[in-house]
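Note sheet for the following structure.
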DNA sequence: CTAGAATATATCAGATATGATATAAGTCCA
DNA sequence: TGGACTTATATCATATCTGATATATTCTAG
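Protein chains in written order, with this note's numbering: chain A, 481 to 584; chain B, 481 to 584.
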């Protein structure tokens, strides 16, 4: 975990108040966060190539603001919603598996 | 989706009241459910080889009953908890990606 | 520039997932 | 056969996630 990753996580609001607190994330907790961020990035890439946030929101019976949060790695977004959204871009389970497997 | 899968899903309580209702699951919704079930099965296999449900519950700061639900594909269990649990068995993101990629 | 479209941020009430607890049911072997 | 251990089921108050809405900001074409 380098300084850039740390900054990225803090920027996304991963309730990190101090370096010490950050370092207390276990490897498993860190992996979980990285999985979420990888899914966020994948979602944004795929969605941008295909449609607007509002259009995707409709497809998954959600709202444009929630899609925005999903794409920006907001901590309030569940992995479940991320996967629902990615599936709605036409991704296969294989592709989703790839994204997760690509994490550290 | 064959008859066995359907029966499996109904057994797990995936709020399916009738065949018609079941068939109204979109391909994306079906994939999501199958991803969850695949993760459940993987969790159970891995955990059984290593430790007791109570031990795993401690590791993820959860409870034995919740681990039981996770392993039995209970609808109330989030993908997030499933992944947290699988990571706690020592699985890598690669292995989790494999499980998801193995779905349909 | 600038209007319209897309995206981001803020707020919130309701829905869902959570860990805890109690306890039932199953498993195993002394 | 029964007692320890493990897993399953039921209930619940609380925490977290949800979609909706309002609105601010950013982007893009003209």
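Just so it is clear, CB atoms sit at the ideal spot from N, CA and C, and this is done for glycine as well.
Owing to the predicted nature of the structure, the values given are computational and were not obtained by experimental measurement.
| Asked | Found |
| --- | --- |
| Nearest residue (CA-CA) to residue 563 of chain B, options B:582, B:506, B:540 and B:544 | B:540 |
| Cβ contact (3+ pairs, closer than 8 angstroms) linking the segment 540 to 553 of chain B and the segment 529 to 546 of chain A | no |
| Proximity to residue 511 of chain B [Cα-Cα], best of A:578, A:581, A:537 and A:570 | A:570 |
| Delimiting residues of the alpha helix (DSSP H) encompassing residue 510 of chain A | 507 to 530 |
| For residue 563 of chain B, the three-state DSSP class (helix, strand or coil) | helix |
| Residues near residue 514 of chain B in its chain [Cβ-Cβ closer than 7 angstroms; skip 5 each side] | 583 and 584 |
| Proximity of residue 559 of chain A and residue 559 of chain B at Cβ, strictly below 8 angstroms | yes |
| From A:565, A:537, A:573 and A:577, residue whose alpha carbon lies closest to that of residue 523 of chain A | A:565 |
| Alpha carbon of residue 567 of chain A to alpha carbon of residue 508 of chain B, nearest angstrom | 6 angstroms |
| Limits of the alpha helix (DSSP H) - the one that residue 577 of chain A falls within | 573 to 581 |
| Cross-chain neighbours of residue 568 of chain A in chain B, by beta carbon under 9 angstroms | 508 |
| Reduced DSSP category for residue 554 of chain B - H, G, I as helix; E, B as strand; rest coil | coil |
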